[in-house]
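So the mapping is simple: the working numbering equals the position in the sequence shown, first residue as 1, plus 4. Built from N, CA and C at the ideal position, the CB exists for glycine as well. What you are looking at is a predicted structure, and each value in this text was computed from that prediction instead of being measured.
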Amino acid sequence: MLVLFCLPPMLAGWGLAGLFVGGDGEVATPAEGVFFGSLSSSSVAGVPLFDPLGALEVTVASRSLLAASALTGALLVVVVYGLVRGRAFCGWVCPVNLIGEGVDAARRRLGIKVPERTVPRRAKIGVAVAVVLLSALVGFPVFELISPIGAVNKGLVFGGLAGAGTLLAIVIAELLVSRRLWCRALCPLGGTFQVLGCAGQVNVAIDHDACIHCDKCTHVCLADPVILAPALAGEDAIVRAGDCMACGACVDVCPTSALRFRLGRPRRHASRKDVNKV
């Protein structure tokens, strides 16, 4: 995904981080291509796409409705991630998660042990609500100013430094305080997508007869191991929690292939007989 966002300026003869490396002749601007933008605002074949939390922040901060194109762009993102699985954004697109995986590897190499969980995973929903309310109060989209997502994504493409301090604080906290503290419990955009994840149709399903309860899946879960508990206990056919990033880490590590992706959301209280038919 980082490469995807970096390609437009490079293909147009520009450099990264907002630098222009062309000559004196006329060159195309990156925005003239099929795709251009950042994770806050992009254009794909002329269709605008907007970060739904950012769009909501701007709406309440300006106390007016967004332009039709901006509103449509935000709704498109909501619909797509709502149908797939909200936090698939966190697992596959967000650059902070990529950095988090690097911190995980560094912590293992250095032998640093930190608590698995220090803040409730649903706290990020409250943080998202607080961000929107604060934006309305101060008349400015506050998260956009400190967003670590922008620090990576916009920094690479446009050279912006907004959010760099937040990103540094996250790396330090991930390394020394608690595993995935930001992604699991504090990120307001993650909280927004967590709510959407309650309706997602791409889910991790479990074959209870194949599961040997080795707990390897809980050790690699990037979202929060607790979300696997109902499925592992035989109480559900899928990992239903909106927190699931659909990252596939648990599917990859399962030694008996008891976990796999499936489409659809079977009823919550599926019997063991029904579960085995999934």
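Runs of beta strand (DSSP E) with 3 or more residues, each lying fully within the segment 5 to 71, are found at 39 to 41, 45 to 48, 51 to 54, listed in chain order. Judged by DSSP secondary structure, residue 153 falls within the alpha helix (DSSP H) whose first and last residues are 152 to 162. Burial is judged here by how many other beta carbons sit within 10 angstroms of a residue's own beta carbon; residue 117 has fewer than 16 and is exposed. If you compare the alpha carbons of 167, 91, 35, 163 with that of residue 47, the shortest gap goes to 35. The criterion of a C-beta distance shorter than 8 Å is not satisfied by residue 105 and residue 183. Rounded to whole angstroms, the separation of the alpha carbons of residue 167 and residue 33 is 26 Å. For residue 209, there is no enclosing alpha helix (DSSP H); the enclosing beta strand (DSSP E) covers residues 206 to 210. Here DSSP, grouped into helix, strand and coil, assigns residue 242 to strand. The Cβ-Cβ distance between residue 13 and residue 161 falls below 8 Å. The residues 139, 143, 144, 145, in chain order, have a CB closer than 6 Å to that of residue 65 in the same chain once the five nearest residues on each side in sequence are set aside.
Contact between the segment 242 to 259 and the segment 85 to 94 is established, with three or more Cβ pairs separated by less than 8 Å.
Ranked by Cα distance from residue 132, the first of 174, 223, 110, 56 is 56. Between residue 9 and residue 42 a beta carbon distance of about 7 Å is seen, short of the 8 Å cut, so the two are scored as contacting. When the Cα atoms are used, residue 72 and residue 50 turn out to be separated by approximately 14 Å.
The alpha carbon of residue 176 has as its nearest neighbour, out of 70, 45, 111, the alpha carbon of 111.
Looking at the backbone, the Cα of residue 80 and that of residue 53 are separated by about 7 Å. A check of alpha carbon separations from residue 22 across 227, 158, 272 identifies 158 as the nearest. At least 8 Å separates the beta-carbon of residue 198 from that of residue 103. Cβ-Cβ separation between residue 233 and residue 210: approximately 11 Å, too far for a contact (criterion under 8 Å). Here residue 190 is actually not in contact with residue 136; their C-beta atoms are around 15 Å apart, not less than 8 Å. Take residue 185, set aside five residues on each side of it, and the residues of its chain with a beta-carbon closer than 8 Å to its own are 122, 123, 174, 177, 178, in chain order. In the same chain as residue 188, and ignoring 5 residues on each side of it, the C-beta atoms closer than 6 Å to its own belong to 125, 228, in chain order. Ranking 223, 267, 202 by CA distance to the CA of residue 254 puts 223 first.
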